[in-house]
Structure formats: C-alpha cells, structure tokens
C-alpha cells in the first residue's frame, strides 16, 4: 500500500508548483495595449468607480438607520481605512505596471494558486457589481416614470415567484449593459471619453447639491431636540464605518488600467490619491448638507437627497438629483466593464484561464472577446436575478483581495530586487555560484570549504545589507535568524501575522455572541493573539527592506499594510454565514478550473527547467574520500561520476 502514497519529493514539487511566482519581463512598459491614459483619465475612472449610487442612497440609509449625523465621522474613518488599501495598490501599480490589479500583485509576490483564487473571486465581484448597479439604474429610472416599465413588463411578459430570481425579467438593465459593452469594445480612449462625460455631469450635480444644501442648512437639525449628532453612540459610528467602507471599493480600476497608462510610475499613485481624496470629500460634504437640510430621523432611505429637496420646497431639484444619480451609476457600470475583461486577460495571458480571452484586437487594442463574453454574462445576471440576491455576494472577494495585496506589499518589500544576488550575513547560507564550462553552459558546480570561509569573511566586511536580511542592530539578539535565506523569516512572520489577525478578529466578533466565552478567557485570548500579531510585526521590522526612490512606496511598512490586513479580516468576519457559504462554493468551482486547466497551462510551468545532462556535480570536503562523496550526490540516471577514471585519481591525489 505504501507504493500508492506520494513520495515526499513529489509533494515538495507539487507545493512548489502551487506557490511559484510570476516572472516579470525586463521591459515592463512593453504591452499589446494602447498606452493612452493620462493621470486625469485614471483619476476620473477611479472617481467613477467610487462615486456611484452610494452617494445618493448610502448616505441617507446610514444616517437614518445606523449612525445619524455622525455618518460624517463614519465616512472619515472609512476613507482612512480605504487609504491604507489604496496605498498598497498605488505602490504595486507603480512598480508592476501590468493589468490584472490584485491578481497580478499577488502572483508576483505570494504565489500562483493564491493569485488565481484572488482573480477568480474579483471576477465574480465585478460581474455581480455591474449587474446589481444595472438593476438599480433600471429601478431608479422606472421610479421616475411611476413604475410604468415594471407594470408593462409584468403585464405583457409575465412574472415568476422563484427564490433568488427577480419577479420579472429586467430588460432595461440588460439593455444598458449591452450598450455599455459596445462602447467599451471600441477601445480605452472611447471608454475614457464616455466616462469623462458622465463624471462631469455627476460632479456638476454634486456641486449643485453642496451649494444648495449649505444655503438650506439648519444647524438645529443636529441639536439635542432632534436626537443629537451621534444618537447611536460609538457603536453606531463603527457600524456605519463598516457599511461606508464599501463605498470606496472602486479605486482598484486604476490599478487594473495601469498597462494602458502613459506613465504608470507617476500616474497610478497620483490618480489613486486624487480620486480617493475627492470621493471621500464628496461623501463627507454630502452627508453634512443632507443631515443639516432635514432632521436625520425623517430621511427617506431610498431617495434621501431628492426627498430632502422636495420637502424644502425645491421639487425641481429632484430631477437634477435623479440625473446625477443615473450618470453616477453609468460611471460605475463603465468601471466594472472596463476592469473585468482586463483581469480575465491577465489570467489568460499567464495561462491560468482559457487562452481565447488573451486575444487583443489589433485595431482597438482591447481584449474584445473578454469584453463581449463577460458583458453578455453580466447582462444575463441583471436580466433574471434579484438585486438583493446579487448584493449578498459582494464585498467578501474585494476584502480578500485587499488582504492579499497588503500581505504582498510586505513580502515584496523585504525581497531581493530583480537581478540582485543574495549576500549572506555572518552565519548565513550562501547561494552556490555555478562555474561555467568552456562553452558557457553550466556544466559543473564547485564549492570548497575554504571558498566558503573566504566568501563569509569577505561578506562580513560589507556594511550594507540586502533586503530581507536581519538588521545589524538586532543580530546580537537574534543571531539564530541569520541562518536563513534573505526574506524567509519575513515570509513566515507574515503568515503568522495573518493567522494571529484571524484569531484576534474571531475573538472580537464571535467571542461574546457565538462562543459565549467567560470574561477571563476572552481577555486572555485577546492578549495572546494581540501579542502574536505585534511580535510578528516587530520580527518583520527587524529586517532590512528595499529603499527605492524610483517609484512610489507606501510609508510605514510593515505597520500600514498590517493595519489594512487586520481591518479587512475584521470586516470579512462581520459578513453573514450565507455569504461565506456562497463564497466557499465559488471557491471550489475555482479550484476545479485551476487544477483542471490552469496548473497545466501556466506559462510558469513551461518556464520550469527540464532535467539536463550534468557533466559533474561534486563537493570538496576537508577530509574523506572524494569518490565516496561523489557516489552519494551523483544523480542515479548518470554514471557514478561522469569523470574519466584518471581524473578521479588525480583529484584523490
């Protein structure tokens, strides 16, 4: 029976396949896409992805049902939390100007299977997000015409009562997605121009809302007579923060578009900063004027802004608000349809997804097949599925992507840069350097004991240490860590940090409610997992990291990514168990695709070296028989030494 069990070498090779990272080209600016997007184009794409229907609906819902006027503080905290994730995307977008967003960032730093699962989940997020916004767009337009579209469809087409399906087919939502798909297919420049138009109208309407809102503001609406500024207290503010956080999830469209940016090293970080700042400012200011115009407890959650103007005697302003809302939803649709095919293209280009989606149209220079196929799938979802059922799938994939991107920043920052040769510190293990034969091919590999001593002595004299090596100040206290290759300890510490964060957040979320832990054990577990998180953070910080002035780098690494990790994990654990169940099912489908197709067609799989003939591979030890040592290390498929007998005799002498 033992012969049916896999050998340890096979398991090791299999794990290496799962965790192999993407090899980047020397010239990362080379692309089959059209690099035509400026900083302004990317900024408006980001604003379009973030400032959507949430500005017109989310502000009123959170203000009335969760936080009251303190929704302003909720948006400030949510904006700062989003900034942590956005800075991670900004650094990666500048360093790796390739399409694929979180998928690509995970692939170049963490490993292949993790990158595939991130891309697989983001793919679903974009499809559902686009379909949900299309149905919201359809419902908003239908409400302007007193639901005549809905009544006509139910009368002439019919209605059905099926779980997770809509009461009637929403042809209007499907039609707007098909029209948007057609425009996106014409190229990045056309998509950007269309986004400019809708964004300009949306920002004009927001400016009108702010001016009119401050004119009609009544400070008494924040007074104690109306319930005060924070009627739900700190718990309401934090609950509102968790909801408001999802208003900022559209900035990753900028990172997904970095391969079409003219100067991604400068444009991507600036566009992310500008768009996130403007979006946060818009959400905060609109929340201020909304809660000052009318008492927060009288708001209409479905159409808070339009209803507020109507109640103050400006019914005509409701039409402007409706126009701005529709234009804002259009920008979100364009953002989803713009990003999704590019992530699919990146996965297909790497061989992890079906190769047909990696084809780029020679004239428009966009992945037309991916745009059309996933545009049709998105339209089908919007046609038959209920909006509420769709929205339940959202958020978890985005938060998972944020978590892995933050972890990837730490791993990549403490890795050797491309082309660097690891320099071992005292006691470290040097990489053996191959000696080339006469023909230039790597035929033999020598490493003598004296050579090793000379190499270590030479490296001791070097003051500058490479990324991933222990800092000189900590070496007397953590000398045992010097025996690891640069970056190994950091990688283990990142895994420990994430495990500690999961355990800590689990205790915070479920400790008192589901687990019913006594106070002493609750406090003890919090202290233990907090110590594990902090010690992992300090261990990472004790190592050297890359210091580059060529591209943008997120400050306060590893603290900033670590805060982003723990926040994202906390928000994921706050989601419902049904969301996790659906996520698990989708994950299993993704694993079937990966192990059935991706792992075999991966380009990194083709790059793996094949077994080659080795003329000689031996090690010279200070004592013992060379022939015995050669017998021990020589591959079984070759002769014992690969050397003539007289050469061995000479070596013995």
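In UniProt numbering, the protein residues as written are 1 to 653.
Even glycine gets a Cβ: it sits at the ideal position worked out from N, Cα and C.
According to DSSP, residue i sits in a beta bridge with which residue or residues?
i: residue 261; result: 37
i: residue 516; result: In the DSSP output, where bridge partners are listed per residue, residue 516 has none listed.
i: residue 504; result: The partner list for residue 504 (beta bridge, DSSP) is empty, contrary to what the question assumes.
i: residue 165; result: 385
i: residue 470; result: 543
Does the distance from the CB of residue i to the CB of residue j come in under 9 Å?
i: residue 338; j: residue 131; result: no
i: residue 574; j: residue 509; result: yes
i: residue 122; j: residue 328; result: no
i: residue 153; j: residue 171; result: yes
i: residue 53; j: residue 360; result: no
i: residue 552; j: residue 259; result: no
i: residue 136; j: residue 253; result: no
i: residue 586; j: residue 18; result: no
i: residue 275; j: residue 42; result: yes
i: residue 256; j: residue 118; result: no
i: residue 97; j: residue 366; result: no
i: residue 120; j: residue 590; result: yes
i: residue 503; j: residue 529; result: yes
i: residue 375; j: residue 177; result: yes
i: residue 196; j: residue 84; result: no
i: residue 179; j: residue 336; result: no
i: residue 222; j: residue 291; result: yes
i: residue 527; j: residue 545; result: no
i: residue 48; j: residue 248; result: no
i: residue 237; j: residue 74; result: yes
i: residue 379; j: residue 166; result: no
i: residue 539; j: residue 489; result: yes
i: residue 494; j: residue 407; result: yes
i: residue 208; j: residue 317; result: yes
i: residue 382; j: residue 138; result: yes
i: residue 470; j: residue 547; result: no
Can you tell me where the alpha helix (DSSP H) with residue i in it begins and where it stops?
i: residue 9; result: 8-18
i: residue 345; result: 317-349
i: residue 581; result: 577-593
i: residue 112; result: 112-144
i: residue 29; result: Taken as a continuous stretch (DSSP letters only), residue 29 belongs to no alpha helix (DSSP H), as it is neither H nor E.
i: residue 363; result: First-last for residue 363: undefined, no H or E at that position.
i: residue 152; result: 148-156
i: residue 71; result: 71-95
i: residue 101; result: Careful: residue 101 lies outside any alpha helix (DSSP H) and carries neither H nor E.
i: residue 561; result: 559-573
i: residue 554; result: Where residue 554 is concerned, there is no enclosing alpha helix (DSSP H), given that its DSSP letter is neither H nor E.
i: residue 400; result: 396-413
i: residue 249; result: Careful: residue 249 lies outside any alpha helix (DSSP H) and carries neither H nor E.
i: residue 53; result: 53-62
i: residue 65; result: Looking at the DSSP string, residue 65 is not in any alpha helix (DSSP H), and its letter there is neither H nor E.
i: residue 302; result: Segment: none, residue 302 is in no alpha helix (DSSP H) and carries neither H nor E.
i: residue 604; result: 603-607
Say yes only if the C-beta of residue i is nearer than 8 Å to one or more non-hydrogen atoms of the ligand ADP, and no if none qualify.
i: residue 43; result: This structure simply doesn't include the ligand ADP, nor any ligand for that matter.
Is the region 176-191 close to the region 307-316, with three or more CB pairs under 8 Å?
The answer is no - the region 307-316 does not touch the region 176-191, with fewer than three Cβ pairs under 8 Å.
I'd like to know if the region 213-222 and the region 5-20 are in contact, where contact means that at least 3 CB-CB pairs between them fall below 8 Å.
Taking a cut-off of 8 Å for Cβ pairs, the region 213-222 and the region 5-20 do not touch, as fewer than three such pairs fall below it.
Would you say the region 198-217 touches the region 228-244, given that touching needs at least three Cβ pairs under 8 Å?
With a cut-off of 8 Å, the region 228-244 and the region 198-217 do not count as touching, because too few Cβ pairs lie within range.
At least 3 beta-carbon pairs within less than 8 Å: the region 60-79 vs the region 348-355
No contact exists between the region 60-79 and the region 348-355.
The region 13-30 in contact with the region 107-116 per 3-pair CB rule at 8 Å:
In short, these stretches touch, since the Cβ pair count reaches three.
Inter-stretch contact (C-beta, 8 Å, three-pair minimum) for the region 399-418 and the region 589-604
Here the region 399-418 does not lie against the region 589-604, with fewer than 3 beta-carbon pairs under 8 Å apart.
Just to confirm the assignment: which complete beta strand (DSSP E) runs, minimum length 3, are found wholly within the region 164-242?
With a minimum length of 3 residues, no continuous beta strand (DSSP E) run stays inside the region 164-242.
Identify every run of the alpha helix (DSSP H) within the region 262-300, keeping only runs that are complete inside it and at least 4 residues long; order them along the chain.
The region 262-300 contains these whole alpha helix (DSSP H) runs: 264-293.
Assess, as a yes-or-no matter, whether the region 291-311 is touched by the region 76-83 under the definition of 3 or more beta carbon pairs within less than 8 Å.
Contact between the region 76-83 and the region 291-311 is absent: fewer than three C-beta pairs spanning the two stretches fall below 8 Å.
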